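Novice: If you scroll down you'll find the structure; I have some questions about it.
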Amino acid sequence: MTQRFLYLVILQIAIVAQVVGQQAIEKKIQTDLILAEDGSTIQLEEGTFQISQSLSMDGKKNMIIRGKGIDKTILSFKNQAGGAEGIKITNCENIILEDMTVQDSKGDLIKTMHVKGITFRRIKAEWTGKPSPTNGSYALYPVLCENVIIDNCTAIGASDAGIYVGQSKYIEVKNCTAFQNVAGIEIENSQYAEVHHNKAHGNTGGILVFDLPDLVQKKGGHVKVYQNEVIENNLSNFAPKGNIVARVPKGTGMLVLATSQVEIFNNKIHQNRTMGVGIISYHMTENKINDAEYDPYPTAIEIRDNDFQRKPGRVPAQGRFGQMYRFKLKFGRKVPNIIYDGILDAKRLDSSGEYFPSYRICIRNNTNQSFANLDAEHDFKNVKRDVSLYDCHLQEFKTLR
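Quick note, the sequence shown lines up with residues 1 to 401 if you use UniProt numbering.
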């Protein structure tokens with residue numbers, strides 16, 4: 001009995017010491033983020049560290065925050081008591097985050113805002129449980145930033161988008177993996193972006209390029225998506241109701257919503273059950289548009305030299321898209337790899353009722369190039385499967401500086 005009592009006392013002391021030690025580490029990290037001088041490096045040691053409050057940094061320049069490696073330095077916010085984000089960086093210039101894992105924050109895992117020059121390198125950002133609407137929205141979340149690089153990162157479990165770049169300029173997302181998110185990778189209202197050599201698999205939607213209304217940066221575009229593997233994105237949508245991504249149907253490979261000047265080429269787009277690539281206007285959401293400066297039409301889109309594969313089979317019946325496919329479109333088991341809603345902007349039409357050349361939708365030289373113009377503007381009454389009308393080429397555009 002005495003030995004057992006002594007063991008319990010020692011165990012309790014060890015637990016208290018561990019908690020105190022974790023609190024000291026958290027305090028040191030936050031103090032370093034506040035007091036570090038411009039140009040310095042903050043080194044995080046190897047280990048799993050329980051963090052109870054959001055970590056924040058504001059107004060710094062030329063800083064590096066470096067761990068000992070993915071799954072070696074782990075910042076866990078599983079028992080977070082204060083703040084929403086795991087790490088939040090604001091109003092900074094030339095910041096590098098690298099070599100660490102960040103887990104289980106209440107809200108976004110790593111958010112950067114108003115940062116000129118932000119690099120995420122070898123970062124894993126994840127929610128470790130099952131996909132859930134209570135997970136945070138974004139794993140890696142640069143917004144209103146410039147010169148964004150996301151390289152060799154992994155994003156898992158986001159209830160909106162794993163890798164999300166919003167209202168930003170000059171962006172490169174490369175060599176990343178995104179899975180078990182609603183959207184694997186999303187470029188939203190952002191300009192001059194390249195998304196390449198990534199793997200998006202097991203999400204609801206693999207790669208999304210969206211322009212939405214009522215945001216500070218009104219217009220995105222000049223986006224290139226190439227050399228990606230977009231495979232089996234058939235996960236049930238677990239986004240909270242009301243989010244725009246809650247409407248993305250499971251089985252979506254890539255989706256372009258209301259963005260202009262997007263080039264999608266040399267990708268492997270395999271076994272996405274609803275669509276390989278979709279091109280749709282914001283009118284398909286049936287949301288009212290109150291933003292007078294918003295352009296709801298996707299224009300100047302080129303889809304070329306991609307490899308599509310899809311086993312014959314019906315589209316999943318859930319959601320609005322599932323019902324539309326089943327009762328309106330009636331594709332059966334021969335679902336097209338590329339769909340276009342066919343809703344046109346009358347102001348951009350020539351005398352024949354087609355877009356002027358600079359606004360055209362171009363589709364050419366894809367493997368398994370099945371296609372449908374849904375004629376959504378006329379209640380799907382005249383669906384067209386002939387892709388030859390879209391055999392064109394758009395003028396090259398620049399993205400990165």
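Ideal placement from N, C-alpha and C gives every residue a C-beta, glycine not left out. Quick caveat, the model's predicted, so the values are computed rather than measured.
Tell me which residues share the same chain as N366 and place their Cβ nearer than 8 angstroms to its Cβ, disregarding the 5 neighbours each side in the sequence.
Specialist: If we look at N366 and ignore the five residues flanking it on each side, its Cβ neighbours are I303, R304, D305, N306, D307, F308, N337 and I338.
Novice: Tell me, please, whether the region 328–336 touches the region 366–378 by the rule of three or more beta-carbon pairs shorter than 8 angstroms.
Specialist: With a cut-off of 8 angstroms, the region 366–378 and the region 328–336 count as touching, because enough Cβ pairs lie within range.
Novice: What is the DSSP secondary structure of R314, reduced to helix, strand or coil?
Specialist: Correct three-state label for R314: coil.
Novice: Are there 16 or more other CB atoms within 10 angstroms of the CB of T112, so buried, or fewer, so exposed?
Specialist: The residue is buried, with at least 16 neighbouring Cβ atoms inside 10 Å.
Novice: Report back the beta-carbon spacing between L257 and Y282 to the nearest angstrom; my notes put them in contact at under 8 angstroms.
Specialist: Between Y282 and L257 the Cβ distance is about 6 angstroms, and since that is below 8 angstroms, they are a contact.
Novice: Which first and last residues belong to the alpha helix (DSSP H) in which R360 is found?
Specialist: Segment: none, R360 is in no alpha helix (DSSP H) and carries neither H nor E.
Novice: Mapping DSSP to helix, strand and coil, what is F321?
Specialist: Note: F321 maps to helix in three-state DSSP.
Novice: Would D160 pass as a contact of V182 if the rule is Cβ separation under 8 angstroms?
Specialist: Result yes, Cβ atoms of D160 and V182 sit closer than 8 angstroms.
Novice: Could you check how far apart the C-beta atoms of K169 and E146 are, in whole angstroms? I think they sit under 8 angstroms.
Specialist: Confirmed, Cβ separation roughly 5 angstroms.
Novice: Which residues in the same chain as F356 place their Cβ atom closer than 7 angstroms to its Cβ, once the five residues preceding and following it in sequence are excluded?
Specialist: Around F356: R348 and D350.
Novice: Less than 8 angstroms between the beta carbons of A300 and S358, yes or no?
Specialist: Against a cut-off of 8 angstroms, the Cβ pair of S358 and A300 comes out as a contact.
Novice: Out of E26, V262 and Q318, state which residue places its alpha-carbon closest to the alpha-carbon of L394.
Specialist: Out of E26, V262 and Q318, V262 has the C-alpha closest to the C-alpha of L394.
Novice: Based on the DSSP output, what are the partners of A183 in its beta bridges?
Specialist: Answer by DSSP bridge pairing, in chain order: A161 and G205.
Novice: In or out: D379 buried (at least 16 other Cβ within 10 Å) or exposed?
Specialist: With fewer than 16 Cβ atoms within 10 Å of its Cβ, D379 is classed as exposed.
Novice: Give the single residue among A36, I361, E37 and S76 whose Cα lies nearest to the Cα of G47.
Specialist: For G47, the nearest C-alpha among the options comes from S76.
Novice: Can you tell me whether A24 is buried or exposed, with buried defined as 16 or more other CB within 10 angstroms of its CB?
Specialist: That one is exposed.
Novice: Per DSSP, what kind of secondary structure is I25 in: helix, strand or coil?
Specialist: In this structure, I25 counts as helix in the three-state DSSP scheme.
Novice: In or out: V387 buried (at least 16 other Cβ within 10 Å) or exposed?
Specialist: That one is buried.
Novice: Where do the ends of the beta strand (DSSP E) carrying S56 lie?
Specialist: It spans Q53 to D58 - the beta strand (DSSP E) in which S56 sits, taken as one unbroken run.
Novice: Among E194, N135, A178 and A139, whose alpha-carbon lies nearest the alpha-carbon of G148?
Specialist: Before going further, note that residue 148 is Val rather than Gly in the sequence given. Answer by Cα proximity: E194.
Novice: Return yes when the Cβ of T73 is within less than 8 angstroms of the Cβ of D32, no when it is not.
Specialist: Not a contact, by the Cβ cut-off of 8 angstroms.
Novice: In terms of residue numbering, what span does the beta strand (DSSP E) encompassing R121 cover?
Specialist: Start and end: I110 to E126.
Novice: Rounded to whole angstroms, what is the Cα-Cα separation between L140 and S56?
Specialist: So the two alpha carbons sit approximately 15 angstroms from each other.
Novice: Which partner residues does residue 427 have in the DSSP bridge list?
Specialist: Nothing about residue 427 can be reported from this structure: the residues present for the chain run from 1 to 401 only.
Novice: Short check: CB of F120 to CB of I150, under 8 angstroms?
Specialist: Yes, they are a contact pair.
Novice: One question on the structure: do G361 and I279 come within less than 8 angstroms of each other, judged by their Cβ atoms?
Specialist: The residue you asked about is not Gly; residue 361 is Ile in the sequence shown. In this structure, I279 lies closer than 8 angstroms to I361 by Cβ.
Novice: With three or more beta-carbon pairs closer than 8 angstroms as the criterion, would you say the region 290–298 touches the region 205–217?
Specialist: Yes, the region 290–298 is in contact with the region 205–217.
Novice: Might you give, ordered along the chain, the residues of its own chain that have their beta carbon closer than 7 angstroms to the beta carbon of A239, omitting 5 neighbours on each side?
Specialist: Closer than 7 angstroms at Cβ, skipping near neighbours: P133, S159, D160, V182, V245 and A246.
Novice: Measuring straight from C-alpha to C-alpha, what distance separates Y226 and I110?
Specialist: Between Y226 and I110, the C-alpha separation is close to 25 angstroms.
Novice: Evaluate L8 with the Cβ neighbour count: other Cβ atoms within 10 Å of its Cβ, from every protein chain shown; 16 or more gives buried, anything less gives exposed.
Specialist: Caution is warranted here: a pLDDT of 48 is assigned to L8, below 50, making its placement in the model unreliable, and no coordinate value can be reported.
Novice: Identify the continuous beta strand (DSSP E) that holds Q309 and give its terminal residues.
Specialist: It spans D307 to Q309 - the beta strand (DSSP E) in which Q309 sits, taken as one unbroken run.
Novice: Flag this pair as yes or no: are the beta carbons of S137 and D104 separated by less than 8 angstroms?
Specialist: No, the pair does not count as a contact, with Cβ atoms beyond the cut-off.
Novice: Taking Cβ to Cβ, would you say I95 is nearer than 8 angstroms to G117?
Specialist: Contact flag set, yes.
Novice: Looking at the unbroken beta strand (DSSP E) that takes in M275, where does it start and where does it end?
Specialist: Run containing M275: M275 to I280, per the beta strand (DSSP E) assignment.
Novice: Which two residues bound the contiguous beta strand (DSSP E) that contains V383?
Specialist: Run containing V383: none; DSSP gives neither H nor E here.
Novice: Please report the straight-line C-alpha distance between T274 and G205, rounded to a whole angstrom.
Specialist: C-alpha separation (whole angstroms): 10 angstroms.
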